[in-house]
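First comes the structure, then the notes that go with it.
Numbering (the working numbering), first residue to last: 3 to 240.
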């Protein structure tokens, strides 16, 4: 998908699939909104500035899963700021559903490097230069490999430095890998794997990710992150 024709095909894929998902999943989206409303009132949505394609800022949309006024600190497993309904939404990744609207607006793609907040991008401007040539995505390889990120952060007591020094560089490596190997088939594959995670079929998703990528992730990961994921069975070669 490196040609203009490939980019147009990817955009068509994004529009058709995200539009169809918004239509088909509208009852589920409404149910999620009600979960947030009943759990902690308004606002239902959480908006945050992220860095998009070519460095343009945009506001990412999620279902709010934390108590109002909780701030933007790193979230760890068992975080007391997360509401009871929010825990379910985060665990199932349903809090990400509103980003389908970001996809329709052209701010995001279904698959691509996850968008980061401006301060992380500014600190690694050179590394982000090639990654930001792509639209950020709702899901990507890093979303699947590090889907239990909150547990890893809890092990390090929510230390922002651990995220910046360890996890973020590994995510960037996976983002560069996606940029080199991206294709429409790979996008469809990653969307399907993400749906498996959403319904609790993590083992199926890991098989879809494949032995080759798992081995690559093991090389990219530091002793801390790799030991944590492999030790708990989060990453397993098939």
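Heads up, the beta-carbon is just placed ideally off N, CA and C, and yes, glycines get one too.
Can you say whether residue i is buried or exposed, counting buried as having 16 or more other CB atoms within 10 angstroms of its CB?
{"i": "residue 58", "result": "exposed"}
{"i": "residue 9", "result": "exposed"}
{"i": "residue 120", "result": "exposed"}
{"i": "residue 225", "result": "For residue 225, the predicted structure reports a pLDDT of 37, less than 50, and the residue's modelled location is therefore unreliable. The matter cannot be settled from this model."}
{"i": "residue 137", "result": "buried"}
{"i": "residue 78", "result": "In this prediction, residue 78 scores a pLDDT of 48, lower than 50, which makes its location untrustworthy; the coordinate-derived value is nonetheless stated afterwards. Residue 78 is buried by the Cβ-count criterion."}
{"i": "residue 110", "result": "buried"}
{"i": "residue 52", "result": "buried"}
{"i": "residue 185", "result": "exposed"}
{"i": "residue 183", "result": "exposed"}
{"i": "residue 115", "result": "buried"}
May I ask you to list the residues that DSSP assigns as paired with residue i?
{"i": "residue 47", "result": "65"}
{"i": "residue 60", "result": "52"}
I'd like the span of the alpha helix (DSSP H) that includes residue i, first residue to last.
{"i": "residue 32", "result": "28 to 42"}
{"i": "residue 121", "result": "120 to 125"}
{"i": "residue 189", "result": "186 to 200"}
{"i": "residue 206", "result": "204 to 211"}
{"i": "residue 151", "result": "151 to 157"}
{"i": "residue 102", "result": "101 to 106"}
So, with DSSP's three-state summary, where would you put residue i?
{"i": "residue 176", "result": "helix"}
{"i": "residue 228", "result": "Legend: pLDDT at residue 228 = 39, less than 50; position of this residue unreliable, value from coordinates given subsequently. Three-state result, residue 228: helix."}
{"i": "residue 139", "result": "strand"}
{"i": "residue 145", "result": "helix"}
{"i": "residue 84", "result": "strand"}
{"i": "residue 163", "result": "helix"}
{"i": "residue 171", "result": "helix"}
{"i": "residue 24", "result": "helix"}
{"i": "residue 134", "result": "coil"}
{"i": "residue 8", "result": "helix"}
{"i": "residue 181", "result": "helix"}
{"i": "residue 89", "result": "helix"}
{"i": "residue 128", "result": "helix"}
{"i": "residue 116", "result": "coil"}
{"i": "residue 16", "result": "helix"}
Considering only C-alpha positions, which residue in the set the options is nearest to residue i?
{"i": "residue 17", "options": "205, 188, 148 and 113", "result": "113"}
{"i": "residue 196", "options": "185, 208 and 131", "result": "208"}
{"i": "residue 97", "options": "140, 128 and 126", "result": "140"}
{"i": "residue 27", "options": "38, 103 and 43", "result": "103"}
{"i": "residue 146", "options": "55, 94 and 14", "result": "94"}
{"i": "residue 129", "options": "66, 178 and 99", "result": "178"}
{"i": "residue 88", "options": "43, 105 and 123", "result": "43"}
{"i": "residue 190", "options": "203, 175 and 210", "result": "210"}
{"i": "residue 250", "options": "148, 124 and 173", "result": "What is shown of the chain runs 3 to 240, which leaves residue 250 out entirely."}
{"i": "residue 106", "options": "25, 49 and 192", "result": "25"}
{"i": "residue 86", "options": "40, 64, 47 and 49", "result": "40"}
{"i": "residue 50", "options": "157, 69 and 117", "result": "117"}
Could you give the residue range of the beta strand (DSSP E) that holds residue i?
{"i": "residue 113", "result": "111 to 113"}
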